[in-house]
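The structure under discussion appears below in the form of structure tokens.
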Amino acid sequence: MIQINNLTKSYNRFKALDDINLGFDRGRAISLLGPNGSGKTTLIKSILGLVIPEKGTIKIDCNPVSSDCSYRSMIGYMPQIGRYPDNMTIEQVINMVKELRKDCTKYDDELIIGLGIDKIGNKTMRNLSGGTRQKVSACLAFLFSPEILILDEPTAGLDPVSSELLKEKIISELSKGKLVLMTSHVLSDLEGLTSHIVYLQDGKLMFYRSVEELQDVTGETKLNKVVARMMQYDLPIKNCVS
Amino acid sequence: MKTIIKYVSLDLLRNKTILIYTALLAVISISVLNMDNNASKGLLSLMNITLLFVPLISILFATIYFFNSIEFIELLLAQPIKRNKVLLAEYTGLVLSLCAAYAIGVGLPLLILTKQVAALVLLVNGLLLTLTFSGLALLIFVLCKDKTRGIGIAIVISLFFSLLFDGLLLTFIYSFSDYPIDKPIVGLVALNPIDLSRILMLLQLDVSVLMGYSGALFKKLLGSAAGSIYAVVCMMFWVTVPLLIATLKFRKKDL
């Protein structure tokens, strides 16, 4: 569904992404992992067309993302930091996005109701806590039932109840055969959610494997231990890219 | 695009800075226009206030606003909307509210308290300066990655056009006073939107002598109709060129 070839991006001398080749299929829940500054957000933003790559191509359903912006109607994006105009109310933000997406008339408001966003619709964005803003971002990402969900640190800043609710929502979307691409530093949050792991370091792809394969190779079951083992030892799988 | 403009201006019309700006302009306009029976004097003072504050406030407020909206712009760009549309919609929403502030703060008192054509020229001038300096702010936002540096550049640009440029121009005039430099100066003045709008006003008010050397020069060189058209055309360039460069550069900007 998403095909990335030879993607390279550098900021001045710093290589944020170095010759990345990846392919993501429907029904997969892919976790992008890596230390701070490893290029996770740059990769996500390249897919969204927010960052313009120097080299390489990104194709979604065989259409290059650089040619046309209509592919973005297939994507629901939840940014790492959601900031909205101060004096807009939650309701206005949601209505605005709905008005912008006239192509879509069926809305998925499960999260809006589940997270209680509908009850605080007239609050202005300025008065919201970071977590509540995060909830609004989550609602917007799922609003149009997109085929691809790109979630940048989705559970960061959410309370445990909301975080669980969001995870359940992600699982239910996955069961509908959608592609979910997410980053998180809290590996326990990704437990039971993720099917594949992409590990980036210094802009280079270290490995892209399914969780089962990684568990087999490392002999560990917990996700954080699996990843830690992968990082400690120079396992033969490390440089393999599927 | 209309949707974004609508929501951006709805947000900004409730912005405290815009409200204070409007109120401040209104208080200044009413007090200045009531101070003397001669409306021309009032207009002249109001012109000076406009030339000093409108560029500074427009460029500073707009720069800060654009940099603060970066996450919001990202969110909009994650929707199937073209980059340029998002950028221009943000710009339009912003200038609509800044222009509304000027129109209410200065335009209304002018309409009520004076009956001169020059009042209309002052209003148009203020609006054009708002458009120009918001456009420059947009360009700063597109070219700069860092907010603090962007605000610094915005301050330098507004000081350059309101203070430094005239100083440099005068130095140029004095240094080359032995040569026929009248025409080059007309060309040079076009490089400063604040000077252009001063000329537009002076040609209306017939008080160019009050404004010193460059004002008198303009009165002599440009007369009225031709001078006004020249100044307006140059001002239009000042509105459109920064916008054009900003939209071109924004295509390749990393967010």
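So the sequences go chain by chain: U and V.
Under this note's numbering, the final residue of the first sequence carries the number 242; numbering is consecutive throughout.
Under this note's numbering, the final residue of the second sequence carries the number 497; numbering is consecutive throughout.
C-beta atoms are modelled at their ideal positions from N, C-alpha and C, and glycine is treated no differently.
Everything numeric in this text was worked out from a predicted model, so none of it was measured.
A distance below 8 Å between beta-carbons, with the five flanking residues on each side excluded, links residue 316 of chain V to the following residues of its chain, in chain order: 497. The DSSP-derived three-state label of residue 467 of chain V is helix. Taking C-beta separations shorter than 7 Å and ignoring five residues to either side along the sequence, the partners of residue 77 of chain U in its chain run 48, 141, 150, following chain order. Sixteen is the threshold: when 16 or more other Cβ atoms of the shown chains lie within 10 Å of the Cβ of residue 92 of chain U, as they do, the residue is buried.
If you look at residue 138 of chain U, you'll find it in the alpha helix (DSSP H) that goes 130-142.
Contact annotation, residue 495 of chain V with residue 348 of chain V: C-beta distance approximately 34 Å; criterion of less than 8 Å not satisfied. Between residue 205 of chain U and residue 230 of chain U, the C-beta spacing is not below 8 Å.
Just so you know, the alpha carbons of residue 249 of chain V and residue 335 of chain V end up roughly 8 Å apart. Counting along the chain, no beta strand (DSSP E) covers residue 437 of chain V; the unbroken alpha helix (DSSP H) around it starts and ends at 435-447. Taking 8 Å as the threshold, the shortest C-beta distance from residue 313 of chain V to chain U falls below it. In this structure, DSSP gives residue 9 of chain U an extended state, which the three-state scheme calls strand. By the C-beta density criterion, residue 20 of chain U is buried, having at least 16 other C-beta atoms within 10 angstroms. In the displayed model, residue 64 of chain U falls within a strand according to three-state DSSP. Residues of chain V whose Cβ lies closer than 7 Å to the Cβ of residue 88 of chain U are, in chain order, 249, 253.
Residue 392 of chain V sits away from residue 485 of chain V, with the two beta carbons spaced by 8 Å or more. Apart from the 5 residues on each side of it in sequence, residue 487 of chain V sits with its Cβ closer than 7 Å to the Cβ of 381 in its chain, given in chain order. Partner residues in a beta bridge of residue 231 of chain U, as assigned by DSSP, do not exist.
Secondary structure within the stretch 58-109 of chain U: the beta strand (DSSP E) runs of 3 or more consecutive residues, fully enclosed, are 75-78 (chain order). By the criterion of a C-beta distance shorter than 8 Å, residue 436 of chain V is surrounded in its chain by 293, 297, 371, 403, 404, 407, once the five residues flanking it on both sides are discounted. Of all residues in the stretch 329-345 of chain V, none is placed with a Cβ closer than 7 Å to any Cβ belonging to chain U. Between the C-alpha atoms of residue 42 of chain U and residue 100 of chain U there is a straight-line separation of about 25 Å.
Secondary structure note for residue 31 of chain U: its beta strand (DSSP E) is the uninterrupted segment 29-33. In this structure, the straight-line span from the alpha carbon of residue 166 of chain U to that of residue 155 of chain U is close to 8 Å. At least one CB of chain V lies nearer than 8 Å to the CB of residue 77 of chain U. Judged by DSSP secondary structure, residue 310 of chain V falls outside any beta strand (DSSP E) and instead within the alpha helix (DSSP H) spanning 281-310. In the assembly as shown, residue 153 of chain U is a buried residue. Its beta-carbon has 16 or more other beta-carbons within 10 Å. Within chain U, the residues placing a beta-carbon under 8 Å from that of residue 497 of chain V are 45, 50, 51, ordered along the chain. Between residue 72 of chain U and residue 321 of chain V, the gap from beta carbon to beta carbon is short of 8 Å.
For residue 277 of chain V, the enclosing alpha helix (DSSP H) has its first and last residue at 258-277. The alpha carbon of residue 313 of chain V has as its nearest neighbour, out of U:80, U:115, U:37, U:44, the alpha carbon of U:80.
Only residues of its own chain outside the window of five on either side were considered, and among them 73 have a CB closer than 8 Å to the CB of residue 103 of chain U, listed in chain order. The residues 351, in chain order, have a CB closer than 6 Å to that of residue 272 of chain V in the same chain once the five nearest residues on each side in sequence are set aside. Under DSSP, residue 49 of chain U shares a beta bridge with no residue. Classified as exposed, residue 164 of chain U has fewer than 16 neighbouring CB atoms from the shown chains inside 10 Å of its CB. Secondary structure at residue 356 of chain V: coil, using DSSP grouped into helix, strand and coil. The CB of residue 70 of chain U comes closer than 9 Å to the CB of 322 in chain V, given here in chain order.
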